[in-house]
Amino acid sequence: MKKFSKILVGLLVVVCIVEGFFLYRAYAIPSTTLQTARKINRIEQIIDKYYKGSVKKSELEDCTYKGLVAGLGDVYSTYYSEDDFKELEQSTSGVYYGVGIYLTQDIKTGIITVVKPVKGSPADGSGLKKGDILTKVGNYKLKTSDALDDIVKKIKGAEGTKVKLTFTRNQTSKTYTFTRQSIENPTVETKMLQDKVGYLQITEFDEVTVSQFRSGLKSLKKQGAKKLIIDLRDNPGGLLTSVVDIAGQILPKGTIVYTEDKNGNKKYYKDTKNEQLDMPLCVLVNGNSASAAEILSGAIKDDKAGTLVGETTFGKGIVQGFFEVGDGSYVKLTYSSYYTPAGHNIHKKGIKPDVEVKDNTKTKADEQLNKALSILQEK
1 MKKFSKILVG
11 LLVVVCIVEG
21 FFLYRAYAIP
31 STTLQTARKI
41 NRIEQIIDKY
51 YKGSVKKSEL
61 EDCTYKGLVA
71 GLGDVYSTYY
81 SEDDFKELEQ
91 STSGVYYGVG
101 IYLTQDIKTG
111 IITVVKPVKG
121 SPADGSGLKK
131 GDILTKVGNY
141 KLKTSDALDD
151 IVKKIKGAEG
161 TKVKLTFTRN
171 QTSKTYTFTR
181 QSIENPTVET
191 KMLQDKVGYL
201 QITEFDEVTV
211 SQFRSGLKSL
221 KKQGAKKLII
231 DLRDNPGGLL
241 TSVVDIAGQI
251 LPKGTIVYTE
261 DKNGNKKYYK
271 DTKNEQLDMP
281 LCVLVNGNSA
291 SAAEILSGAI
301 KDDKAGTLVG
311 ETTFGKGIVQ
321 GFFEVGDGSY
331 VKLTYSSYYT
341 PAGHNIHKKG
351 IKPDVEVKDN
361 TKTKADEQLN
371 KALSILQEK
């Protein structure tokens, strides 16, 4: 599959045919593995004998595998069943069936909040605002231990079906009923600002983002844009391939980012095209600009291709890969760290903007955007 680097891992058994007989080369199974298998089997027997409720064997198995990966203590590593992985593929393609709400999760508290509704979606015009806290999906009450991916899975569903979502704002709760529909995620939004400044916001890096970015930039130039602001605030990241392609439309030839795995092996992602942004650039960032958004920010800052304005970014300098188990399921694991072109690893540090400006939530003005405009006026 194009979107993910998949490495087939598993136990290999060598089979040879000698004079009509199958010979198997056996591999020793660690005693701890046998003990674990026996314990799981014993727990299943106890459940079968004593548990009063209904039992779904497939869910027990999935939770067992999820628990194994969760034992790593890494919030970014997880197990995906075959169905889960198909849903993930759909979401990263940029087209899905849902209600159209950008959500984000505080990694420390586990609280899930609204970033904004998607234009033209069922949630558009509902009155939901940035910061509204999601507390219930249908009758399910959210727990701080819930993963954002699992909650999004509950929100999505078949086209035409309904889902109730409850949000809290200022300790007041309100329940909305939405009808799910097909949504192509508009990850890029553009508009013209004063003094021939084009504004281009990237909300996340999906498959569709590359073409949307190219179209958006082309449209702004047609409208007379001579300077550009790229807004990466609240962008949680996305596909590495997408951000590398977009960086290639902005930066001169050279390294955009490189990764290093546990064995010290490095992989360089370079721009080999002759494309380069031909206008002054400011990039808006904040504490929710993470992962792929930081790759783009870091490359622009290191190459001095633009001015970063706002607040220090989130600080996710690690990369996850999808590894096929062999039955259609996958394990997502943190397998490398990434470094900016100048060799900086920003994990748990973030990227400090060139010009630091805090957003004052008590005012209607966008102080960070206004600062970027004033910087570009001098260019």
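Residue numbers for the sequence shown follow UniProt numbering, beginning at 1 and rising by one. Glycine is no exception: its CB is placed at the ideal position from the N, C-alpha and C atoms. It should be emphasised that the depicted structure is a prediction, and the values quoted were computed from it without experimental measurement.
Rounded straight-line distance, which links the Cα of G264 to that of T272: 25 Å
Nearest to T203 by CA position, among D231, Y269, K49, A37, is which residue? D231
Around the C-beta of L72, are 16 or more other C-beta atoms found within 10 angstroms, so that it is buried, or is it exposed? exposed
Within a Cβ cutoff of 8 Å, which residues of the same chain sit near T361, ignoring the five residues on either side of it in sequence? None.
Taking the C-alpha atoms as reference points, what is the distance between A147 and V118? 21 Å
DSSP beta-bridge partners of S173: Under DSSP, the beta-bridge partners assigned to S173 are T168.
Name the DSSP bridge partner or partners of F314? DSSP output for F314 lists no bridge partner at all.
Straight-line Cα distance separating K162 from L60: 28 Å
Just the Cα atoms here: how many angstroms apart are Y176 and I250? 41 Å
Please classify R233 as buried or exposed, where buried requires at least 16 neighbouring CB atoms within 10 angstroms. The residue is buried, with at least 16 neighbouring Cβ atoms inside 10 Å.
Put Y258 into one of helix, strand or coil per three-state DSSP. strand
Could you tell me if N170 is buried or exposed, where buried requires 16 or more neighbouring beta carbons within 10 angstroms of its beta carbon? exposed
Is the separation between the beta-carbon of I375 and that of S297 shorter than 8 Å? no
Give the DSSP-derived three-state secondary structure of K136 in the structure shown. Three-state DSSP puts K136 in a strand.
Judging by CA-CA distance, which residue of G138, L103, K108, D354 is the nearest neighbour of L284? Closest by alpha carbon: D354.
Below 8 Å CB to CB, which residues in the same chain sit around D366 once its five sequence neighbours on both sides are set aside? These residues qualify, in order along the chain: D359.
Using a Cβ-Cβ cut-off of 8 Å, state whether S31 counts as contacting chain B. The structure shown contains no chain B; it is built from a single protein chain.
Measuring alpha carbon to alpha carbon, tell me which of E89, T33, G287, R42 ends up nearest L329. Note that residue 329 corresponds to Ser in the displayed sequence, not to Leu. Nearest of E89, T33, G287, R42 to S329, Cα basis: E89.
Assuming Y50 is part of the alpha helix (DSSP H), what are its boundary residues? DSSP places Y50 in the uninterrupted alpha helix (DSSP H) bounded by 31-50.
Could you say if the region 178-196 and the region 220-231 meet the contact criterion of at least three C-beta pairs nearer than 8 Å? yes
Considering only residues of the same chain and omitting the five flanking positions on each side of F21, which have a CB-CB separation below 8 Å? Model confidence at F21 stands at a pLDDT of 34, short of 50, so the residue's coordinates are unreliable; what they give is reported in the following sentence. Closer than 8 Å at Cβ, skipping near neighbours: no residue.
Taking the alpha carbon of Y76 as the point to measure from, which residue in K349, N345, T340, L333 has its own alpha carbon closest? L333
Local Cβ density within 10 Å of S54, reported as buried at 16 or more and exposed below that: With fewer than 16 other Cβ atoms inside 10 Å of its own Cβ, S54 counts as exposed.
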